[in-house]
Amino acid sequence: MEEKKTDWKTLLGMTLIFGILMWTFLYNQEETQPVDETATEQSLTIEDDAPAAATVANDSTITAVDSTRQAVPLGKEVTLSNDLLELKINTKGAIIETALLKKFKTFDSLPVYLARENDHSLDLILKAKDGREIHTKDLVFNAKESMNGSNKVLALTAPVGSGSIEYRFEMKPDDYMLDFNIRTQGIASAVNTSENPVLDWRMKAYRRSKSMTNENRYTEIKFEYDGGSDDYTGQGDTADEEAENITYVAYKQHFFSSILLTDTPFVSGLMESTNIEEINEEQDKFTKEFESKLLMEYSGGELAYNMDWYFGPTDFDILDGYDRNLDEVVDLGWGIFGWINEYAIRPYFSFLTVDLGIAFGIAIILLTISVRLVLSPVLYKSYLTQAKMKVLRPELNRIAEKYKDNAMKKQQETMKVQSEAGASPLSGCLPALLQMPVFFALFKFFPTAFDLRQKSFLWADDLSSYDTIYKFPDGFEIPFYGDHVSLFPILASISIFFYMQMTTGQSMQSPQLGMPNMKFIMYLSPLFMLVFFNNYASGLSLYYFVSNLITIGIMLVIKNFIIDKDRVLAKIEKAKAKPKKKKGRFASKMAEIMEQAQAQQEAQKKKK
Numbered sequence: 001m002e003e004k005k006t007d008w009k010t011l012l013g014m015t016l017i018f019g020i021l022m023w024t025f026l027y028n029q030e031e032t033q034p035v036d037e038t039a040t041e042q043s044l045t046i047e048d049d050a051p052a053a054a055t056v057a058n059d060s061t062i063t064a065v066d067s068t069r070q071a072v073p074l075g076k077e078v079t080l081s082n083d084l085l086e087l088k089i090n091t092k093g094a095i096i097e098t099a100l101l102k103k104f105k106t107f108d109s110l111p112v113y114l115a116r117e118n119d120h121s122l123d124l125i126l127k128a129k130d131g132r133e134i135h136t137k138d139l140v141f142n143a144k145e146s147m148n149g150s151n152k153v154l155a156l157t158a159p160v161g162s163g164s165i166e167y168r169f170e171m172k173p174d175d176y177m178l179d180f181n182i183r184t185q186g187i188a189s190a191v192n193t194s195e196n197p198v199l200d201w202r203m204k205a206y207r208r209s210k211s212m213t214n215e216n217r218y219t220e221i222k223f224e225y226d227g228g229s230d231d232y233t234g235q236g237d238t239a240d241e242e243a244e245n246i247t248y249v250a251y252k253q254h255f256f257s258s259i260l261l262t263d264t265p266f267v268s269g270l271m272e273s274t275n276i277e278e279i280n281e282e283q284d285k286f287t288k289e290f291e292s293k294l295l296m297e298y299s300g301g302e303l304a305y306n307m308d309w310y311f312g313p314t315d316f317d318i319l320d321g322y323d324r325n326l327d328e329v330v331d332l333g334w335g336i337f338g339w340i341n342e343y344a345i346r347p348y349f350s351f352l353t354v355d356l357g358i359a360f361g362i363a364i365i366l367l368t369i370s371v372r373l374v375l376s377p378v379l380y381k382s383y384l385t386q387a388k389m390k391v392l393r394p395e396l397n398r399i400a401e402k403y404k405d406n407a408m409k410k411q412q413e414t415m416k417v418q419s420e421a422g423a424s425p426l427s428g429c430l431p432a433l434l435q436m437p438v439f440f441a442l443f444k445f446f447p448t449a450f451d452l453r454q455k456s457f458l459w460a461d462d463l464s465s466y467d468t469i470y471k472f473p474d475g476f477e478i479p480f481y482g483d484h485v486s487l488f489p490i491l492a493s494i495s496i497f498f499y500m501q502m503t504t505g506q507s508m509q510s511p512q513l514g515m516p517n518m519k520f521i522m523y524l525s526p527l528f529m530l531v532f533f534n535n536y537a538s539g540l541s542l543y544y545f546v547s548n549l550i551t552i553g554i555m556l557v558i559k560n561f562i563i564d565k566d567r568v569l570a571k572i573e574k575a576k577a578k579p580k581k582k583k584g585r586f587a588s589k590m591a592e593i594m595e596q597a598q599a600q601q602e603a604q605k606k607k608k
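For the record, in the sequence shown the residue sitting at position 510 is 510 according to UniProt numbering, with numbers rising by one throughout.
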């Protein structure tokens with residue numbers, strides 16, 4: 001399981017939700033090789049003729065192109081494509097220059113590119129025998145295409161001394177994953193094989209959603225190491241992680257990811273992330289820049305790495321289908337939060353939307369109702385305790401007035417009355433704690449659910465991003481709030497206000513010792529919700545709005561149809577008249593401690 005390094009905004013959101021709930025219950029180049037007419041090969045999509053591949057000097061085993069002596073030839077673009085993915089690979093460096101996802105659009109209806117122009121590179125760095133470095137990004141490869149059954153194969157080969165290095169791509173139909181192999185042959189005459197080569201992978205992450213800040217929050221490097229452990233770089237201006245025995249590195253760009261997997265683990269790696277959005281707020285094209293330096297090793301003086309390369313959506317079902325632990329790239333939360341999402345929330349939501357074909361906004365409402373029904377036995381005791389506390393308020397006020405000069409005695413009598421009525425605040429606190437994992441799991445689920453992307457409901461055109469009912473004039477922005485007004489967070493904040501008023505309104509009249517100012521909390525909590533969720537996924541705000549409405553409804557039912565005020569008061573009087581039962585060990589110990597404290601307090605008064 002991954003180590004967590006939660007960014008401060010996510011931590012604030014989770015703390016806010018926890019605080020609201022707890023207060024109420026207490027109070028996430030080349031020359032094209034001739035095609036053999038007898039072979040089962042297929043012509044490539046190659047642009048106009050380019051200079052022939054450079055003949056690498058072999059005068060002293062140095063095989064890299066020396067840019068100080070001659071110009072580096074330009075390469076050609078070769079296209080590999082299926083129904084889902086289009087890759088354009090430059091024969092200079094064998095670099096994937098363009099990766100286009102055919103079935104998706106950005107928030108402003110533009111094509112979704114995972115790589116484009118000069119924003120993506122893969123460079124294998126070898127150490128020559130005279131100490132200089134050989135960079136494959138500077139080599140010009142010869143290209144050859146063939147078919148392996150229904151799979152398209154592209155082999156790119158470049159000379160290295162008297163040997164060669166080959167990059168081999170194999171694309172399957174209707175698959176975002178392609179086979180990618182790096183192999184060398186006979187390079188020992190030019191390369192110092194006692195020094196491990198480094199694979200340097202770089203990529204910039206593009207903005208594709210309305211809320212660049214929200215998208216950036218879920219853009220990061222995730223990686224697997226040591227046979228199944230996973231981790232990530234986290235958020236911040238710069239972030240880096242080191243690991244050994246790395247089996248995959250994923251450049252997650254919120255709803256889309258580029259993942260490099262290897263059958264032979266990389267010896268070690270340094271993964272670095274730079275937060276472009278935070279460093280340069282003037283630009284609106286990139287969110288982060290990624291770089292991984294992955295240490296490889298020779299086997300018998302040669303490189304032989306069988307790898308895979310994924311360019312596609314960060315969709316749990318698709319990634320989980322590869323059976324390579326790639327589902328960890330989707331941030332469902334850690335520990336019990338992740339388990340709830342993976343085995344309960346996500347399958348049920350998929351059942352509603354995929355199997356039953358229910359619209360996503362309606363599915364969120366049905367999910368909310370279902371969650372509340374499942375939690376109803378747990379929540380009932382909490383709501384019942386709160387309702388009883390309101391009935392007891394006059395009695396507790398009389399105790400407070402009677403013992404206003406004796407805090408210890410007041411606390412003793414208060415606990416006594418609450419115990420006799422079965423309305424101890426602690427009895428309502430435990431059920432509240434039991435529901436926390438579900439709330440935190442949903443807090444993680446909605447912003448990362450790929451199925452919600454660009455799905456509309458009512459006035460929200462994208463449930464994975466914020467809804468907008470008013471856009472401020474260009475250049476105007478309210479700090480922490482944003483440049484727009486979202487309605488779902490407003491509705492959620494109003495519902496929280498009324499919910500807290502119902503649960504804490506009477507308690508504000510006589511706050512208990514050590515309890516916070518509930519009136520302040522009642523106004524501050526909805527305000528935090530309003531500001532914090534203005535840039536969050538509207539699906540999450542919709543959930544909390546509906547959830548609060550259901551909660552208010554349950555409380556009204558309990559208050560008006562379940563709780564009998566006269567019966568509660570009669571129970572208290574009856575309890576007073578009964579002979580006192582022997583207290584349990586815990587209760588006796590607590591009473592003894594309070595009596596000792598009271599005795600000490602009285603003794604101090606006498607000394608004065």
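We treat Cβ as the ideally placed atom computed from N, Cα and C, and that holds for glycine.
For this session: May I have the straight-line CA-CA distance separating Glu-195 from Thr-184, to the nearest angstrom?
Result: As a working mapping, residue 195 is identified with position 195 in the sequence shown. As a working mapping, residue 184 is identified with position 184 in the sequence shown. About 15 Å.
For this session: Starting from the C-beta of Phe-445, find all residues in its chain whose C-beta is less than 6 Å away, skip the five residues before and the five after it, and write them out in chain order.
Result: The sequence position of residue 445 within the sequence shown is 445, counting from 1. Counting only Cβ-Cβ distances below 6 Å, and skipping sequence neighbours, we find Asn-341 and Ile-345.
For this session: Drop a sphere of 10 angstroms on the beta-carbon of Glu-117, count the other beta-carbons inside from all chains shown, and report buried for 16 or more, exposed for fewer.
Result: Position 117 of the sequence shown, counted from the first residue, corresponds to residue 117. That one is exposed.
Problem set entry | Boundaries of the beta strand (DSSP E) in which Tyr-466 is found, first to last residue | On the sequence shown, position 466 is the one that residue 466 refers to. Taken as a continuous stretch (DSSP letters only), Tyr-466 belongs to no beta strand (DSSP E), as it is neither H nor E.
Problem set entry | Reference Gly-301; option with closest CA among Gly-131, Thr-314 and Ser-164 | Your numbering for residue 301 matches position 301 in the sequence shown. Residue Ser-164 is the option with its Cα nearest to Gly-301.
Problem set entry | Pairwise C-alpha distance: Ala-115 and Ile-259 | Looking up residue 259 in the sequence shown gives position 259. Looking up residue 115 in the sequence shown gives position 115. Going by the C-alpha atoms only, they are around 12 Å apart.
Exercise. How would you call Arg-398, buried or exposed, if buried means at least 16 neighbouring beta carbons within 10 angstroms?
Worked result: Here residue 398 refers to the residue found at position 398 when the sequence shown is read from its first residue. Answer is exposed; the Cβ neighbour count stays below 16.
Exercise. Just the Cα atoms here: how many angstroms apart are Arg-324 and Asp-179?
Worked result: On the sequence shown, residue 324 is found 324 positions in, with the first residue counted as 1. On the sequence shown, residue 179 is found 179 positions in, with the first residue counted as 1. Those two C-alpha atoms are separated by around 14 Å.
Exercise. Opposite Arg-168 in the DSSP bridges: which residues?
Worked result: Position 168 of the sequence shown, counting from 1, holds the residue named residue 168. DSSP lists Ala-155 and Asn-181 as partners of Arg-168.
Exercise. How many whole angstroms separate the CB atoms of Lys-222 and Glu-291, which I take to be in contact at a CB cut-off of 8 Å?
Worked result: Reading the sequence shown from its first residue, position 222 is the one you call residue 222. Reading the sequence shown from its first residue, position 291 is the one you call residue 291. Going by Cβ atoms, the distance from Lys-222 to Glu-291 rounds to 15 Å, so no, they are not a contact pair.
Exercise. Which residues share a DSSP beta bridge with Lys-144?
Worked result: In the sequence shown, counting from the first residue as 1, residue 144 sits at position 144. Lys-144 is bridged to Ala-155.
For this session: Pick helix, strand or coil for Thr-193, following the three-state DSSP scheme.
Result: As a position in the sequence shown, residue 193 is number 193, starting the count at 1. Looking at Thr-193 - three-state DSSP - the assignment turns out to be coil, as it is neither helix nor strand.
For this session: Just grab the DSSP bridge partners of Ile-494 for me.
Result: As a first step, residue 494 is located in the sequence shown; it is residue number 494 there, counting from the start. According to DSSP, which records beta bridges pairwise, Ile-494 is partnered with nothing at all.
For this session: Kindly indicate the opening and closing residues of the beta strand (DSSP E) around Arg-324.
Result: Indexing the sequence shown from 1 puts residue 324 at position 324. Looking at the DSSP string, Arg-324 is not in any beta strand (DSSP E), and its letter there is neither H nor E.
Problem set entry | Rounded C-alpha distance that separates Ser-60 from Phe-316 | Position 60 of the sequence shown, counting from 1, holds the residue named residue 60. Position 316 of the sequence shown, counting from 1, holds the residue named residue 316. Here the model assigns Ser-60 a pLDDT of 33, short of 50, so the residue's position is not dependable, and the following value carries that caveat. Taking the straight line joining both Cα atoms gives about 51 Å.
Problem set entry | Residue from Phe-439, Pro-437, Val-153 and Tyr-536 whose Cα sits closest to the Cα of Ala-480 | Position 480 of the sequence shown, counted from the start, is the residue given in the question as residue 480. Residue 480 is actually Phe in this sequence, not Ala. Answer by Cα proximity: Tyr-536.
Exercise. If you run the structure through DSSP and keep just helix, strand and coil, what is Phe-472?
Worked result: For the purposes of this step, residue 472 is taken as the residue at position 472 of the sequence shown. Here Phe-472 sits in coil by DSSP.
For this session: Report the three-state DSSP secondary structure of Ala-547 (helix, strand or coil).
Result: Here residue 547 corresponds to residue number 547 of the sequence shown, with the count starting at 1. Note on residue identity: the sequence assigns Ser, not Ala, to residue 547. Note: Ser-547 maps to helix in three-state DSSP.
Problem set entry | Residue range of the alpha helix (DSSP H) that includes Trp-339 | Translated into positions along the sequence shown, residue 339 becomes position 339. Here the alpha helix (DSSP H) through Trp-339 covers 336 to 340.
Exercise. In angstroms, rounded to a whole number, what distance separates the CA positions of Asp-230 and Ile-550?
Worked result: Counting from 1 along the sequence shown, the entry for residue 230 is found at position 230. Counting from 1 along the sequence shown, the entry for residue 550 is found at position 550. About 38 Å.
For this session: Compute the Euclidean distance between the alpha carbons of Glu-220 and His-254, then round it to the nearest angstrom.
Result: The count along the sequence shown starts at 1 and reaches residue 220 at position 220. The count along the sequence shown starts at 1 and reaches residue 254 at position 254. Answer to the nearest angstrom: the Cα atoms are 8 Å apart.
Problem set entry | Range of the contiguous alpha helix (DSSP H) that encloses Lys-444 | Residue 444 sits at position 444 when you count from the first residue of the sequence shown. 436 to 448 is the span of the alpha helix (DSSP H), which, as asked, contains Lys-444.
For this session: Spell out a yes or no on whether the region 542 to 556 and the region 376 to 387 are touching, meaning 3 or more CB-CB pairs, one atom from each, closer than 8 Å.
Result: yes
Exercise. Rounded to a whole number of angstroms, what is the C-alpha to C-alpha distance between Gly-236 and Ser-150?
Worked result: Here residue 236 is taken as the residue at index 236 of the sequence shown, counted from 1. Here residue 150 is taken as the residue at index 150 of the sequence shown, counted from 1. Cα-Cα distance, rounded: 44 Å.
Exercise. Helix, strand or coil: which one does DSSP assign to Leu-295?
Worked result: Within the sequence shown, the letter at position 295 stands for residue 295. Strand.
Exercise. Considering only the beta carbon of each residue, do Pro-447 and Phe-104 sit closer than 9 Å?
Worked result: Counted from its first residue, the sequence shown places residue 447 at position 447. Counted from its first residue, the sequence shown places residue 104 at position 104. Against a cut-off of 9 Å, the Cβ pair of Phe-104 and Pro-447 comes out as no contact.
Problem set entry | As assigned by DSSP and simplified to three states, the class of Ile-204 | Counted from its first residue, the sequence shown places residue 204 at position 204. At residue 204 the sequence reads Lys, which differs from the Ile that was named. Strand at Lys-204.
For this session: Determine the direct distance from the alpha carbon of Val-78 to that of Leu-44, and round the result to whole angstroms.
Result: Here residue 44 refers to the residue found at position 44 of the sequence shown. Here residue 78 refers to the residue found at position 78 of the sequence shown. Reliability of the predicted coordinates at Leu-44 is poor, the pLDDT of 34 falling under 50, and the value obtained from them is presented with this limitation in mind. In a straight line, the C-alpha of Leu-44 is about 6 Å away from that of Val-78.
For this session: Could you pull out every residue in the same chain whose Cβ sits closer than 8 Å to the Cβ of Met-177, ignoring the five residues on either side in sequence?
Result: To locate residue 177, count along the sequence shown from 1; it is residue 177. Here the set comprises Asp-308, Trp-309, Tyr-310, Gly-312 and Tyr-322.
Problem set entry | Span separating the alpha-carbon of Phe-476 from that of Leu-542 | Here residue 476 corresponds to residue number 476 of the sequence shown, with the count starting at 1. Here residue 542 corresponds to residue number 542 of the sequence shown, with the count starting at 1. Approximately 26 Å between the Cα atoms of the pair.
Problem set entry | Identity of the residue in Phe-256, Ala-143 and Pro-526 nearest Ser-495 by Cα | Start at 1 with the first residue of the sequence shown, and residue 495 comes out as number 495. Ser-495 has its Cα closest to that of Pro-526, out of Phe-256, Ala-143 and Pro-526.
For this session: Confirm, please, whether the CB-CB distance from Tyr-305 to Thr-262 is below 9 Å.
Result: Position 262 of the sequence shown, counted from the start, is the residue given in the question as residue 262. Position 305 of the sequence shown, counted from the start, is the residue given in the question as residue 305. Yes, the pair counts as a contact, with Cβ atoms nearer than the cut-off.
Exercise. Exposed or buried, which one is Asp-66 when buried takes at least 16 other CB atoms within 10 Å?
Worked result: For the purposes of this step, residue 66 is taken as the residue at position 66 of the sequence shown. Low confidence applies to Asp-66: its pLDDT is 38, below 50, so where it sits in the model is not reliable, and the reading given next is rough at best. Per the 10 Å Cβ criterion, exposed.
Exercise. Do Pro-437 and Ile-369 have their C-beta atoms closer together than 9 Å?
Worked result: As a first step, residue 437 must be located in the sequence shown, where it is residue number 437. As a first step, residue 369 must be located in the sequence shown, where it is residue number 369. No, these two residues do not count as a Cβ contact at 9 Å.
Exercise. Closest by CA to Ser-547, which one among His-135, Val-330 and Leu-373?
Worked result: The residue you call residue 547 lines up with position 547 of the sequence shown. Of the listed residues, the one whose Cα sits closest to Ser-547 is Leu-373.
Exercise. What's the gap between the Cα of Leu-458 and the Cα of Leu-85?
Worked result: By 1-based counting over the sequence shown, the position of residue 458 is 458. By 1-based counting over the sequence shown, the position of residue 85 is 85. In a straight line, the C-alpha of Leu-458 is about 32 Å away from that of Leu-85.
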